[in-house]
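First comes the structure, then the notes that go with it.
There are 2 protein chains.
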Amino acid sequence: MSRRGNVEDVRTIACVGAGTIGGGWAAYFLARGYTVKVWDPSPEAGERLTRLIDNAWPALRELDLLDGADKDAWTVHTDLAEAVEGVDFVQESAPEDLELKRRLFADLDSVCAPDVVIASSTSGYSMTEMATEVTGGDRFVVGHPFNPPYLIPLVEVVGGEKTAPEAVTWAADFYTFIGKSVIRMDREVPGFIANRLQEALWREALHMIDNGEATVDQIDRSITDGPGLRWPFHGPMLTFHLAGGEGGMAHMLDHFGPSLKSPWTRLTAPELTEQLRNATVDGCQTASGERSHRDLVLERDAGIVALRKLTQSLTTKAPAQSDSVA
Amino acid sequence: MSRRGNVEDVRTIACVGAGTIGGGWAAYFLARGYTVKVWDPSPEAGERLTRLIDNAWPALRELDLLDGADKDAWTVHTDLAEAVEGVDFVQESAPEDLELKRRLFADLDSVCAPDVVIASSTSGYSMTEMATEVTGGDRFVVGHPFNPPYLIPLVEVVGGEKTAPEAVTWAADFYTFIGKSVIRMDREVPGFIANRLQEALWREALHMIDNGEATVDQIDRSITDGPGLRWPFHGPMLTFHLAGGEGGMAHMLDHFGPSLKSPWTRLTAPELTEQLRNATVDGCQTASGERSHRDLVLERDAGIVALRKLTQSLTTKAPAQSDSVA
Numbered sequence: 001m002s003r004r005g006n007v008e009d010v011r012t013i014a015c016v017g018a019g020t021i022g023g024g025w026a027a028y029f030l031a032r033g034y035t036v037k038v039w040d041p042s043p044e045a046g047e048r049l050t051r052l053i054d055n056a057w058p059a060l061r062e063l064d065l066l067d068g069a070d071k072d073a074w075t076v077h078t079d080l081a082e083a084v085e086g087v088d089f090v091q092e093s094a095p096e097d098l099e100l101k102r103r104l105f106a107d108l109d110s111v112c113a114p115d116v117v118i119a120s121s122t123s124g125y126s127m128t129e130m131a132t133e134v135t136g137g138d139r140f141v142v143g144h145p146f147n148p149p150y151l152i153p154l155v156e157v158v159g160g161e162k163t164a165p166e167a168v169t170w171a172a173d174f175y176t177f178i179g180k181s182v183i184r185m186d187r188e189v190p191g192f193i194a195n196r197l198q199e200a201l202w203r204e205a206l207h208m209i210d211n212g213e214a215t216v217d218q219i220d221r222s223i224t225d226g227p228g229l230r231w232p233f234h235g236p237m238l239t240f241h242l243a244g245g246e247g248g249m250a251h252m253l254d255h256f257g258p259s260l261k262s263p264w265t266r267l268t269a270p271e272l273t274e275q276l277r278n279a280t281v282d283g284c285q286t287a288s289g290e291r292s293h294r295d296l297v298l299e300r301d302a303g304i305v306a307l308r309k310l311t312q313s314l315t316t317k318a319p320a321q322s323d324s325v326a
Numbered sequence: 001m002s003r004r005g006n007v008e009d010v011r012t013i014a015c016v017g018a019g020t021i022g023g024g025w026a027a028y029f030l031a032r033g034y035t036v037k038v039w040d041p042s043p044e045a046g047e048r049l050t051r052l053i054d055n056a057w058p059a060l061r062e063l064d065l066l067d068g069a070d071k072d073a074w075t076v077h078t079d080l081a082e083a084v085e086g087v088d089f090v091q092e093s094a095p096e097d098l099e100l101k102r103r104l105f106a107d108l109d110s111v112c113a114p115d116v117v118i119a120s121s122t123s124g125y126s127m128t129e130m131a132t133e134v135t136g137g138d139r140f141v142v143g144h145p146f147n148p149p150y151l152i153p154l155v156e157v158v159g160g161e162k163t164a165p166e167a168v169t170w171a172a173d174f175y176t177f178i179g180k181s182v183i184r185m186d187r188e189v190p191g192f193i194a195n196r197l198q199e200a201l202w203r204e205a206l207h208m209i210d211n212g213e214a215t216v217d218q219i220d221r222s223i224t225d226g227p228g229l230r231w232p233f234h235g236p237m238l239t240f241h242l243a244g245g246e247g248g249m250a251h252m253l254d255h256f257g258p259s260l261k262s263p264w265t266r267l268t269a270p271e272l273t274e275q276l277r278n279a280t281v282d283g284c285q286t287a288s289g290e291r292s293h294r295d296l297v298l299e300r301d302a303g304i305v306a307l308r309k310l311t312q313s314l315t316t317k318a319p320a321q322s323d324s325v326a
């Protein structure tokens, strides 16, 4: 672990690919005071990145900008070896093309200094699938951000079969150090966690449009004016925990378990085994911590009030109105 | 339509059932200046409702309270005929028990003045299933709120087979008049719209817990620190429209359509027919209105910035940190 060293010692980062995601990472790294070396074969890469950083900077200034961060501390390179020379970390965000990623990872492995961790922004492939052309592969990690990476805190971190656990730990620690909310997964799951959840909702929505059960506007409004008003501060599990009243998730599962099978979505529910029941209930109890049911209700209400005031001031949409599928 | 009259002329409302949902409706109706007559057979109903209204009132004062609203303008009745006497609208929120609802609706039909619209808060049953014991049934409508009804704007409105379209229109108009965001559905769909979407996400989450792929905390954080930061102001459809860059939803579906079949959730995707593609694209174009791609991006970023500042000030949770399934 010579060069890899402490996450505090990182000074220079290579962003491999500077599209929406790679460019978004570059903006974030700059805001956190790093020097960024960008590899992108496109002749317009520099111009596009300038625009992206210019657009992102005001938002970064509001939240995560460090004193002394230099908006212009980046260079673009078309030569990969040049781009990764002297860097302490690599964030790869090339297009989602498996063959391209495989070749790119082999190239990266041969030009990067030993022990530099190489993280991929992929949302579609596992590291085991992507690192097939790499001889060692123990330093290749998935670090999956959410768009835009300069604003959304979530990063899902997971290794492949050949990845060294220390490389996963290093990446998780580094992202945490720079202010991200890290979910470290101990196994590769297609779509990771957030995309699986998001996709389930999205597919149900497509089915409803397909069957004429709801319009695009109705689907969006059913979220923005409904459960979406809780999800930024209470996730889906804690939301259901609260829906169980003072009995919480245990009450929900023990009493409404059977209705889990009702046809409320096209996604079939799992069997509610004792083990699943307990894992879910325990998780909610841990999440609640010292907060009583009443504390959570008051927190939820304060959150919704603040959120509704916020969305009223933000949105340009027309006031609430009746509509129809017709 | 004699008594039903204009939605502006409603003065008194009966809340049938005063649990979490019925009591939440009562609090909202009081805040909007109505007199509320509560029917609830429980001897503790009055005390429980006092507590609920006391808890809700500060939040109502922040958002929807009308001048002159009287927090104490309610009475509790154990006799149904007495409770609905002289009221202009009935909101039923009895427990989710089909037989109970069927009997209750027959009773309500016999004691309510003709033409008074009777709306049910049910989340689980269709009006066609519930109104079987009612002779006419043309005034029975579903008006499905979200918890807590005194804060969440969404109300899904739909009739049953026997419901008169004018009764559905009246209910939709009334909810809109009192400040709700109404989604009027033209057919009965189990779980309506928001619950179908919410349930798909919830079931995917249960599957992940069941398979040891994610913990409760990871699931909640993957939403609160990820897509949940967009959903209060851009619903899932507009979020994907934006993810398509300047090409929007058309680009998304035309280019990433095939990956719709990738195993990112246990919910199978629909066939991406030309018709589904066009309905989805057109809906997003309508939703975007005059807003350009750049307008939407700036709106999204301003929203996330404000939202993250808000959640930082609201939440009592620990700062972002690395974790593991172990």
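The listed protein sequences correspond, in order, to chains P and R. With the UniProt record's numbering as the guide, the letters of the first sequence map in order to residues 1 to 326. With the UniProt record's numbering as the guide, the letters of the second sequence map in order to residues 1 to 326. Virtual Cβ for every residue (Gly too), placed ideally from N, Cα, C.
On the criterion of 16 or more Cβ atoms from any shown chain inside 10 Å, does residue i qualify as buried, or is it exposed?
| i | result |
| --- | --- |
| Glu156 (chain R) | buried |
| Ser103 (chain P) | Note that residue 103 (chain P) is Arg in the sequence shown, not Ser. With fewer than 16 Cβ atoms within 10 Å of its Cβ, Arg103 (chain P) is classed as exposed. |
| His144 (chain P) | buried |
| Gly68 (chain R) | exposed |
| Lys261 (chain P) | exposed |
| Ser181 (chain R) | buried |
| Asp88 (chain P) | buried |
| Pro236 (chain P) | buried |
| Pro165 (chain R) | exposed |
| Pro148 (chain R) | buried |
| Ser322 (chain P) | For Ser322 (chain P), the predicted model reports a pLDDT of 41, less than 50, meaning its position is unreliable and no value from the coordinates is stated. |
| Thr273 (chain P) | exposed |
| Ala81 (chain P) | exposed |
| Pro319 (chain R) | For Pro319 (chain R), the pLDDT reaches just 38, beneath the cut-off of 50, and the residue's location in the model is therefore unreliable, leaving the point undetermined. |
| Ala167 (chain P) | buried |
| Leu52 (chain R) | buried |
| Lys101 (chain P) | buried |
Give the single residue among the options whose Cα lies nearest to the Cα of residue i.
| i | options | result |
| --- | --- | --- |
| Gln312 (chain P) | R:Asp64, R:Ile13 and R:Lys37 | R:Asp64 |
| Ser123 (chain R) | R:Val141, R:Leu108, R:Asp107 and R:Pro114 | R:Val141 |
| Pro95 (chain P) | P:Val111, P:Ser120 and P:Glu82 | P:Ser120 |
| Pro43 (chain R) | R:Ala27, R:Ala164, R:Trp25 and R:Gly19 | R:Gly19 |
| Ile223 (chain P) | R:Gly244, R:Tyr28 and R:Phe192 | R:Phe192 |
| Trp231 (chain R) | R:Gln218, R:Glu213, R:Leu197 and R:Phe256 | R:Leu197 |
| Met162 (chain R) | R:Asn6, R:Val216 and R:Arg187 | Going by the sequence as given, residue 162 (chain R) is Lys instead of Met. Here the closest residue by C-alpha is R:Arg187. |
| Val134 (chain P) | P:Val216, P:His293, P:Glu99 and P:Val158 | P:Glu99 |
| Gly33 (chain R) | R:Thr12, R:Glu47, R:Val16 and R:Pro41 | R:Thr12 |
| Leu206 (chain R) | R:Val117, R:Leu267 and R:Gly22 | R:Leu267 |
Please list the partners that residue i has in chain R, where partner means a Cβ-to-Cβ separation under 8 Å.
| i | result |
| --- | --- |
| Thr224 (chain P) | Trp231, Pro232, Phe233, His234 and Gly235 |
| Thr280 (chain P) | Leu206, Ile209 and Val216 |
| Val305 (chain P) | Ala59, Glu62, Leu63 and Leu151 |
Check the DSSP bridge columns for residue i and list the partner residues they point to.
| i | result |
| --- | --- |
| Phe140 (chain R) | R:Ile118 |
| Leu154 (chain P) | P:Ser181 |
| Ile13 (chain P) | P:Val36 and P:Phe89 |
| Gly159 (chain P) | P:Val141 |
Which residues of chain P have a Cβ atom closer than 7 Å to the Cβ of residue i, listed in chain order?
| i | result |
| --- | --- |
| His207 (chain R) | Pro270 |
| residue 327 (chain R) | Within the shown structure, residues of chain R are numbered from 1 to 326, placing residue 327 (chain R) beyond reach of any answer. |
| Asn147 (chain R) | Ala243 |
| Thr311 (chain R) | Pro232 and Phe233 |
| Leu276 (chain R) | Leu206, Ile209 and Asp210 |
| Ala94 (chain R) | Near Ala94 (chain R) there are no residues of chain P at all, since even the closest Cβ is about 16 Å away, more than 7 Å. |
| Arg266 (chain R) | Leu267 |
Is any heavy atom in the ligand ZN found nearer than 7 Å to the beta carbon of residue i?
| i | result |
| --- | --- |
| Leu267 (chain R) | In terms of ligand content, the structure shown is empty, and the ligand ZN therefore cannot be addressed. |
Could you name the residues of chain P that residue i contacts, counting a contact when the two beta carbons are closer than 8 Å?
| i | result |
| --- | --- |
| Ala194 (chain R) | Ser222, Ile223, Gly226 and Pro227 |
| Ala119 (chain R) | Going along chain P, no residue has its Cβ under 8 Å from Ala119 (chain R), so there is no contact; the nearest lies around 14 Å. |
| Val189 (chain R) | Met208, Glu213 and Ala214 |
| Phe240 (chain R) | Trp202 |
Cβ closer than 7 Å: which chain R residues qualify as neighbours of residue i?
| i | result |
| --- | --- |
| Cys284 (chain P) | Val216 |
Original post:
In chain order, which continuous runs of the alpha helix (DSSP H) of length 4 or greater are located wholly inside the stretch 66 to 103 of chain P?
Top reply: The stretch 66 to 103 of chain P contains these whole alpha helix (DSSP H) runs: 80 to 84.
* Ignoring anything shorter than 4 residues or poking outside the stretch 29 to 68 of chain R, list the alpha helix (DSSP H) runs there in chain order. => Counting whole runs of 4 or more residues, the stretch 29 to 68 of chain R contains the alpha helix (DSSP H) stretches 45 to 63.
message: For a minimum of 4 consecutive residues, which ranges assigned as the alpha helix (DSSP H) are wholly contained in the stretch 219 to 290 of chain R?
response: Those alpha helix (DSSP H) runs which fall completely within the stretch 219 to 290 of chain R and span 4+ residues are 236 to 243, 248 to 256 and 274 to 288.
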